[in-house]
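Report on one structure; see the data block that follows.
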Amino acid sequence: MSTEKLPTRSENYSEWYNQVIQRAEMADYAPVRGCMVVRPYGWALWENIQQALDRRFKETGHVNAAFPLFIPMSFLEKEKEHVEGFSPELAIVTIGGGEKLEEPLVVRPTSETIIGYMYSKWIKSYRDLPVLINQWGNVVRWEMRTRLFLRTLEFYWQEGHTAHSSADEAAEETMRMLNVYADFAINEAAVPVLPGRKSEAEKFAGASASFSIEAMMGDTRALQAGTSHFLGQNFAKAFDIQFLDQNNQLEYCYTTSWGLSTRFIGAIIMTHGDDQGLVLPPRLAPIQVVIVPIFRTDEEQSRIMPVAEQVSRQLAAFRVKLDARSEVTPGFKFNDWEMRGVPLRIEIGPKDVDNGVVTAARRNQPGKAGKSTLPMGDLAAQVAVILDEIQAAMLAKATRFRDEHIHPADDYASLTQIVQGGWAYAFWCGSADCEARVKEDTKATTRCIPLDQREESGRCVVCGQPARSRVFFARAY
RNA sequence: CGGGGUGUAGCGCAGUUGGCAGCGCACCGCGUUUGGGACGCGGGGGUCGGCGGUUCAAGUCCGCCCACCCCGACCA
Numbered sequence: 000m001s002t003e004k005l006p007t008r009s010e011n012y013s014e015w016y017n018q019v020i021q022r023a024e025m026a027d028y029a030p031v032r033g034c035m036v037v038r039p040y041g042w043a044l045w046e047n048i049q050q051a052l053d054r055r056f057k058e059t060g061h062v063n064a065a066f067p068l069f070i071p072m073s074f075l076e077k078e079k080e081h082v083e084g085f086s087p088e089l090a091i092v093t094i095g096g097g098e099k100l101e102e103p104l105v106v107r108p109t110s111e112t113i114i115g116y117m118y119s120k121w122i123k124s125y126r127d128l129p130v131l132i133n134q135w136g137n138v139v140r141w142e143m144r145t146r147l148f149l150r151t152l153e154f155y156w157q158e159g160h161t162a163h164s165s166a167d168e169a170a171e172e173t174m175r176m177l178n179v180y181a182d183f184a185i186n187e188a189a190v191p192v193l194p195g196r197k198s199e200a201e202k203f204a205g206a207s208a209s210f211s212i213e214a215m216m217g218d219t220r221a222l223q224a225g226t227s228h229f230l231g232q233n234f235a236k237a238f239d240i241q242f243l244d245q246n247n248q249l250e251y252c253y254t255t256s257w258g259l260s261t262r263f264i265g266a267i268i269m270t271h272g273d274d275q276g277l278v279l280p281p282r283l284a285p286i287q288v289v290i291v292p293i294f295r296t297d298e299e300q301s302r303i304m305p306v307a308e309q310v311s312r313q314l315a316a317f318r319v320k321l322d323a324r325s326e327v328t329p330g331f332k333f334n335d336w337e338m339r340g341v342p343l344r345i346e347i348g349p350k351d352v353d354n355g356v357v358t359a360a361r362r363n364q365p366g367k368a369g370k371s372t373l374p375m376g377d378l379a380a381q382v383a384v385i386l387d388e389i390q391a392a393m394l395a396k397a398t399r400f401r402d403e404h405i406h407p408a409d410d411y412a413s414l415t416q417i418v419q420g421g422w423a424y425a426f427w428c429g430s431a432d433c434e435a436r437v438k439e440d441t442k443a444t445t446r447c448i449p450l451d452q453r454e455e456s457g458r459c460v461v462c463g464q465p466a467r468s469r470v471f472f473a474r475a476y
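Spelled out as structure tokens, the structure:
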């Protein structure tokens, strides 16, 4: 544990990001380039994310299953756009048990193909539909440039794969899960995402339409934080997922897929973190309350520790940690837990005990502003209120930051200006050429076409042709 | 794959003209400390990225190789 200060976010955002992850013990670099080890503290956060999502998946009728890591190479080749999109980043196994394999095996970059294959075996009748399966697992994509959580060769995620009897029902599922992601992001992670449709250039390889939730990071860059795809009949045709309908007609299914990965941890870090380190939303934080006892002498210790232990028991309904380490000072602990983003710290020292109070320090309000004294009685109720307030304040702050950095762009000059330090919201005709030109000139890409935009029409900010909707342009991770 | 850079203790680095491999942090022990990143004393830890060459002598000079990082193309 280093005692040096973090680099500030304004000094060097990316160095701040790398260091805060390692110093908070969220993750570390693995011996293989581009791979990471998710450490217990980071994994505990992921488990809370999993629980919050899994509950929502179950509530919307989905069940979990597990499909294999290895996929026959030929499966990926069955869907043209899919193989074109993924082939550059595949890890392929050619030898097994010392023997060269008949057919190379791909380490799954995503599981549409193998799940499609299985669905073709399982689905025969309209009575078998819909199939609503999710899996929690890991996938491998051989990326060129990697960053902890944001882009690693192997990452953990969930991928939902559903099959339906009609396009409408599949489209409805696609939107339902997009909304599940948005609800999770906003209400559990306090990350105010914007849901929308991806452009043709940005959509998933093999999808008819892709949708995403887009989040703004603390440096104003965009991060795609979750995706939901309407796959039409593309994969059903590639894998013969057919069923007999009520009229004894053989039809292809309509399928969807949707995923959210450990990248979301990066979204949480970069949405809420400050120059002291992580700031974790109470609903997902592995530790919600840390208790730091403060004493100088043995006499004080024997007076304080029982109180600290009693407070810890009072707060048993929360994820609470009593930091009883004797080898570091309270000041060190304050900084340590702030680095780790624990939402609420309770300090208990001789002065507090004398006055029948504890001192509470809110992580989202660093320094004296976030400190208050709480009377000892009914601490659990007080803490519950404070954690809710922190959760709400974090969402409000992140939403304000986001809205302050999104600007409408009515001409090309202002577009290029805006994307240097924010998102531009501009009319776009939908052409890939216009999109490509913006990318070449500014490195900004289209993030998504928001779903809830008001009816209006205008002219494309790039070419001036008529445009029916606006899109977010932003530099993205 | 193109351009640039770096490899010396767990991490960050210094190492002069080729001459006993060092510093800070971290780690271990003892003591004093503890309300915002404590201090003293003592200690452990090295295939100097690898292979080869020059030399009495190579972390240092030469050659080849490898790995990693940064900037591009690619990207949940």
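Following numbering that gives the first Met the number 0, the numbering of the first sequence begins with 0 at its first residue and continues without gaps.
Heads up, the beta-carbon is just placed ideally off N, CA and C, and yes, glycines get one too.
Keep in mind that this is a model prediction, so the values were computed, not measured.
Near residue i, which residues of its chain fall below 7 Å by C-beta distance, leaving aside the five closest residues on each side in sequence?
i: P108; result: F85, E88, L89, V138, V139, R140
i: L386; result: P281, Q287, P342, L343
i: G41; result: M25, A26, I264
i: R458; result: F426, Q464, P465, A466
i: A379; result: Q313, L314, A316
i: V418; result: T441, A443, F472, A473, R474
i: V310; result: I290, I345, I347, V357, L378
i: A397; result: A189, V190, P191, T270, H271
i: F229; result: A169, A170, T173, A206, S207, A208, T255
i: N17; result: L147
Going by beta-carbon coordinates alone, are residue i and residue j separated by less than 8 Å?
i: S227; j: T254; result: no
i: V356; j: P374; result: yes
i: R446; j: F471; result: yes
i: L450; j: L259; result: no
i: C34; j: L128; result: no
i: M215; j: R401; result: yes
i: P39; j: I113; result: no
i: V190; j: E213; result: no
i: A224; j: A166; result: no
i: L149; j: H61; result: no
i: L147; j: I48; result: no
i: Y424; j: A408; result: yes
i: S164; j: D244; result: yes
If I measure Cβ to Cβ from residue i and keep anything under 6 Å in the same chain, skipping five residues before and after, which residues do I get?
i: I299; result: A quick correction: the sequence has Glu, not Ile, at residue 299. So the qualifying residues of the chain are P349.
i: T284; result: The question names Thr, yet the displayed sequence has Ala at residue 284. Taken in chain order, the residues that qualify are P342.
i: L177; result: P194, F210, S227
i: I91; result: P103, V105
i: M0; result: Confidence is the limiting factor: at M0 the pLDDT is only 49, short of 50, which leaves the residue's position unreliable and the question unanswerable from this model.
For the beta strand (DSSP E) holding residue i, just list the boundary residues, first then last.
i: D353; result: Segment 349-354 is the alpha helix (DSSP H) holding D353; no beta strand (DSSP E) there.
i: G195; result: 193-196
i: K120; result: Premise fails: K120 lies in the alpha helix (DSSP H), 111-121, not in any beta strand (DSSP E).
i: M35; result: 35-37
i: R469; result: 468-473
i: L100; result: 98-106
i: K320; result: 319-321
i: M176; result: Note, M176: premise wrong, no beta strand (DSSP E); alpha helix (DSSP H) at 166-186.
Assuming residue i and residue j are in contact, meaning their beta carbons sit under 8 Å apart, how far apart are those beta carbons, in whole angstroms?
i: A475; j: L152; result: Their Cβ separation, rounded to whole angstroms, is 20 Å, which puts A475 and L152 out of contact at 8 Å.
i: V352; j: R302; result: 6 Å
i: S371; j: A383; result: Their Cβ separation, rounded to whole angstroms, is 15 Å, which puts S371 and A383 out of contact at 8 Å.
i: R175; j: T59; result: 6 Å
i: I389; j: N363; result: 5 Å
i: R196; j: I448; result: 5 Å
i: E83; j: N233; result: Not really, about 13 Å apart at Cβ, beyond 8 Å.
Just reading off the alpha helix (DSSP H) that residue i is part of, what are its end residues?
i: F154; result: Element bounds for F154: not the alpha helix (DSSP H) but the beta strand (DSSP E), 153-163.
i: G527; result: Residue 527 lies beyond the residue range present for the chain, which begins at 0 and ends at 476; the question has no answer from this structure.
i: L378; result: 378-403
i: T270; result: 262-271
i: M72; result: 72-75
i: D443; result: First, the amino acid is wrong: residue 443 is Ala here, not Asp. Taken as a continuous stretch (DSSP letters only), A443 belongs to no alpha helix (DSSP H), as it is neither H nor E.
i: V461; result: Run containing V461: none; DSSP gives neither H nor E here.
i: M143; result: From DSSP, M143 is part of no alpha helix (DSSP H); its letter is neither H nor E.
i: N415; result: Per the sequence shown, residue 415 should be read as Thr rather than Asn. Its alpha helix (DSSP H) spans residues 411-417.
i: Q364; result: No alpha helix (DSSP H) holds Q364; DSSP gives it neither H nor E.
Can you find the residues in the same chain that come closer than 8 Å, C-beta to C-beta, to residue i, ignoring five residues on each side of it along the sequence?
i: W15; result: L5, P6, T7, R8, G272, D274
i: C462; result: C428, S430, D432, C433
i: W45; result: V37, Y155, T261, I264
i: M117; result: F66
Please find out if some non-hydrogen atom of the ligand HEM comes closer than 7 Å to the beta-carbon of residue i.
i: L152; result: Inclusion of the ligand HEM in the displayed structure is not the case, the ligand content being empty and no account of it being possible.
(request) Flag this pair as touching only if the segment 73-82 and the segment 230-240 have three or more C-beta atom pairs under 8 Å; answer yes or no. (result) With the cut-off at 8 Å, the segment 73-82 and the segment 230-240 touch.
(request) For the segment 176-192 and the segment 111-131, state whether three or more C-beta atom pairs, one from each stretch, are separated by less than 8 Å. (result) No, the segment 176-192 is not in contact with the segment 111-131.
(message) Contact between the segment 146-163 and the segment 364-373 is defined here as three or more beta-carbon pairs at a separation below 8 Å; is this criterion met?
(response) Flag = no, the segment 146-163 and the segment 364-373 do not touch.
(message) Assess contact between the segment 266-279 and the segment 326-340, defined as three or more Cβ pairs (one per stretch) separated by less than 8 Å. Is contact present?
(response) Cβ pair count under 8 Å is three or more, so yes.
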